[in-house]
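Per the working numbering, the very first residue in the sequence shown carries number 14; after that it's consecutive.
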Amino acid sequence: MTDNASSPSFQLDAFLPYMLNQMAEAVSKGFQDRYQKDFGITRTQWRLLAHLFAEDGLTAKEIGARIHEDKVSISRAVAALEAAGRLVRQQGRKDRRFEELHLTPEGRALFEQLSQMALAYQNDLSDLLGADATQRLRAVLVELLPLLKQRLTGS
14 MTDNASSPSF
24 QLDAFLPYML
34 NQMAEAVSKG
44 FQDRYQKDFG
54 ITRTQWRLLA
64 HLFAEDGLTA
74 KEIGARIHED
84 KVSISRAVAA
94 LEAAGRLVRQ
104 QGRKDRRFEE
114 LHLTPEGRAL
124 FEQLSQMALA
134 YQNDLSDLLG
144 ADATQRLRAV
154 LVELLPLLKQ
164 RLTGS
């Protein structure tokens with residue numbers, strides 16, 4: 014067994030991808046605790062609602078690709094939201110082999126409440142960081158995300 018404690022070449026806590034992941038998880042968990050407590054929905058359900066509110070009529074497969082979630086988790090979230098009357102499935106207009114997902118009025122009303130909670134949480138984070146740091150962080154993320162996506166897709 015090798016003792017890696019003395020190796021200064023790699024520090025996990027200083028590894029940028031690790032730091033970004035830890036930050037993203039902490040931010041996501043902080044918001045998740047709020048909406049689970051108040052509305053009883055999961056992270057996947059929140060993300061489904063958000064994407065359907067932005068673009069109604071997406072398929073489960075399209076949403077799964079956007080939120081990087083596996084098919085089983087998406088299927089469970091769709092079933093739960095459908096059972097709660099928050100979305101409906103309809104045969105696809107473009108491709109009849111796929112079901113489009115549509116928010117019901119109840120689903121839209123829920124998302125309106127969730128979006129207010131999301132904005133309040135974002136304001137809390139901004140207050141924590143300060144306005145200047147928030148603006149700088151947003152600018153870095155806006156610049157970095159497309160570059161990373163481009164590198165991943167090779168386009």
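Backbone N, C-alpha and C define an ideal beta-carbon position, used for all residues, glycine too. In this text, all values refer to a predicted model and were calculated from it rather than measured experimentally.
Closer than 6 Å by C-beta to Thr147: which residues in its own chain qualify, once you throw out the five before and the five after it? Chain order, please. For the purposes of this step, residue 147 is taken as the residue at position 134 of the sequence shown. Cβ neighbours of Thr147 beyond the five flanking positions: Ser139.
Any idea which residues DSSP pairs Leu114 with across the strands? Position 101 of the sequence shown, counted from the start, is the residue given in the question as residue 114. Answer by DSSP bridge pairing, in chain order: Arg102.
Per-residue burial, Thr166 [other beta carbons within 10 Å of its own, 16 or more giving buried]: As a working mapping, residue 166 is identified with position 153 in the sequence shown. The residue in question, Thr166, is exposed, as its Cβ has fewer than 16 Cβ neighbours within 10 Å.
Taking the C-alpha atoms as reference points, what is the distance between Arg102 and Lys42? Along the sequence shown, one-based indexing puts residue 102 at 89. Along the sequence shown, one-based indexing puts residue 42 at 29. Near 29 Å, if we compare the C-alpha coordinates of Lys42 and Arg102.
Here's a check: name, in chain order, each residue in its chain whose Cβ is nearer than 6 Å to the Cβ of Arg60, leaving out the five neighbours to either side. The residue labelled residue 60 in the question sits at position 47 within the sequence shown. Here the set comprises Ile80.
Under 8 Å: do the region 89–98 and the region 48–58 share three or more Cβ pairs, one atom per stretch? yes
In three-state DSSP terms, what is Thr147? Along the sequence shown, one-based indexing puts residue 147 at 134. The answer is helix: DSSP assigns Thr147 an H, G or I state.
Pick out whichever of Phe111, Ala131 and Pro159 has its Cα sitting closest to the Cα of Gln49. Residue 49 sits at position 36 when you count from the first residue of the sequence shown. For Gln49, the nearest C-alpha among the options comes from Ala131.
Going by DSSP, name the residue or residues bridged to Thr72. Within the sequence shown, numbered from 1, the residue matching residue 72 stands at position 59. For Thr72, which the question treats as bridged, DSSP gives the partners Glu113.
Is the region 22–32 touching the region 62–71, taking contact as three or more C-beta pairs under 8 Å? no
8 Å contact criterion, which Leu114 and Ala73 should meet: CB distance rounded: For the purposes of this step, residue 114 is taken as the residue at position 101 of the sequence shown. For the purposes of this step, residue 73 is taken as the residue at position 60 of the sequence shown. Yes, Leu114 and Ala73 are in contact; Cβ-Cβ is about 6 Å, under 8 Å.
Which residue from Gly53, Gly105, Pro30 and Leu161 puts its Cα closest to that of Leu71? By one-based count along the sequence shown, residue 71 stands at place 58. Of Gly53, Gly105, Pro30 and Leu161, the residue nearest in Cα terms is Gly105.
Three-state secondary structure assigned by DSSP to Pro21: Residue mapping note: residue 21 aligns to position 8 of the sequence shown, counting from 1. Three-state DSSP puts Pro21 in coil, outside helix and strand.
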